[in-house]
Amino acid sequence: MITLVKYKDEKDIICELIKQFWIAHNDYTPTDEESIEDMLAWSGKGHALYFIKKEETIIGFVHLASRGCEIDWIEDLFILPQYQGNGYGSEALKLVEDIVKEYSDSVYLEVAARNARALNLYYKNGYDCLNTVTIRKDFKPEEYVVTSEEEVLGHKLVVKEYKN
Numbered sequence: 263m264i265t266l267v268k269y270k271d272e273k274d275i276i277c278e279l280i281k282q283f284w285i286a287h288n289d290y291t292p293t294d295e296e297s298i299e300d301m302l303a304w305s306g307k308g309h310a311l312y313f314i315k316k317e318e319t320i321i322g323f324v325h326l327a328s329r330g331c332e333i334d335w336i337e338d339l340f341i342l343p344q345y346q347g348n349g350y351g352s353e354a355l356k357l358v359e360d361i362v363k364e365y366s367d368s369v370y371l372e373v374a375a376r377n378a379r380a381l382n383l384y385y386k387n388g389y390d391c392l393n394t395v396t397i398r399k400d401f402k403p404e405e406y407v408v409t410s411e412e413e414v415l416g417h418k419l420v421v422k423e424y425k426n
């Protein structure tokens, strides 16, 4: 069983988790200054930042934000790699939903199309209402490889990753 504990002022811990988040998601190691900037933004007005704890061990974080009204967007959900695959992401989603449904009719999130693991997690937990579609135009298409093709409302769209 896990719990969510609201971030107060544990700067060193959250900044290290933020670094691990960027390494896992973008293969990029942010500087200390960049981690501090994220921490300040993610814990400021219109945001809520929670540690995900398993007993007394911090195993990740969840960052919620407002995009105009209530704080009802899951901006980031991160479980440390060594704790992934144990259902903690699903548990964290349920706890977030319990918080958000106190003041909002829905909870929203975005997921990178190439992040199949996260998409599977969200879909398995009932996130199945297509709300918005984010599309992009690549100016250097030669730097990408198409990993899949999808049809959305009659339009053929592709999922791409950077070439290694």
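The numbering used here puts the first residue of the sequence shown at 263, with every later residue one more than the last. Beta carbons: idealized from backbone N, C-alpha and C, even for Gly. Note that the structure is a prediction, hence the values are computed from the model and not measured.
Output the distance between the C-alpha atoms of residue i and residue j, rounded to the nearest integer angstrom.
{"i": "V373", "j": "S305", "result": "21 Å"}
{"i": "E296", "j": "K281", "result": "9 Å"}
{"i": "F340", "j": "H287", "result": "9 Å"}
{"i": "Y345", "j": "Y385", "result": "20 Å"}
{"i": "Y424", "j": "N348", "result": "29 Å"}
{"i": "Y406", "j": "E318", "result": "42 Å"}
{"i": "Y389", "j": "L383", "result": "9 Å"}
{"i": "I275", "j": "K268", "result": "13 Å"}
{"i": "K363", "j": "A380", "result": "22 Å"}
{"i": "N426", "j": "I361", "result": "40 Å"}
{"i": "K270", "j": "E404", "result": "45 Å"}
Closer than 6 Å by C-beta to residue i: which residues in its own chain qualify, once you throw out the five before and the five after it? Chain order, please.
{"i": "L279", "result": "F323"}
{"i": "W284", "result": "Y290 and P292"}
{"i": "H325", "result": "W304, L311, E337 and D338"}
Which whole-angstrom value describes the C-beta separation of residue i and residue j, a residue pair presumed to lie in contact below a C-beta threshold of 8 Å?
{"i": "R376", "j": "V408", "result": "No, R376 and V408 are not in contact; Cβ-Cβ is about 11 Å, not under 8 Å."}
{"i": "I336", "j": "L371", "result": "4 Å"}
{"i": "V414", "j": "V395", "result": "6 Å"}
To which residues of the same chain is residue i closer than 8 Å at the C-beta, ignoring the five residues directly before and after it?
{"i": "I264", "result": "I314, K315, K316, I321, Y350, E353, A354 and L357"}
{"i": "A327", "result": "W304, G308, H309, A310, I333, W335 and E337"}
{"i": "L392", "result": "V414"}
{"i": "D294", "result": "C277"}
{"i": "R329", "result": "W335 and Y370"}
{"i": "I397", "result": "L419"}
{"i": "A378", "result": "none"}
{"i": "D400", "result": "Y406 and K422"}
{"i": "E359", "result": "V369"}
{"i": "G416", "result": "none"}
Suppose contacts are defined by Cβ-Cβ distances below 9 Å. Is residue i in contact with residue j by that definition?
{"i": "C331", "j": "M301", "result": "no"}
{"i": "E428", "j": "K402", "result": "Nothing can be reported for residue 428, as the shown portion of the chain is limited to 263 through 426."}
{"i": "Y312", "j": "L342", "result": "no"}
Would the C-beta of residue i count as close to the ligand ATP, meaning under 8 Å from any of its heavy atoms?
{"i": "G306", "result": "Among the ligands in the structure shown, none appear at all, so the ligand ATP cannot be discussed."}
What residues in its chain sit with their C-beta under 7 Å from that of residue i, if we drop five residues either side in the sequence?
{"i": "I298", "result": "C277"}
{"i": "S366", "result": "E332 and D334"}
{"i": "K273", "result": "M301"}
{"i": "N387", "result": "S352 and L355"}
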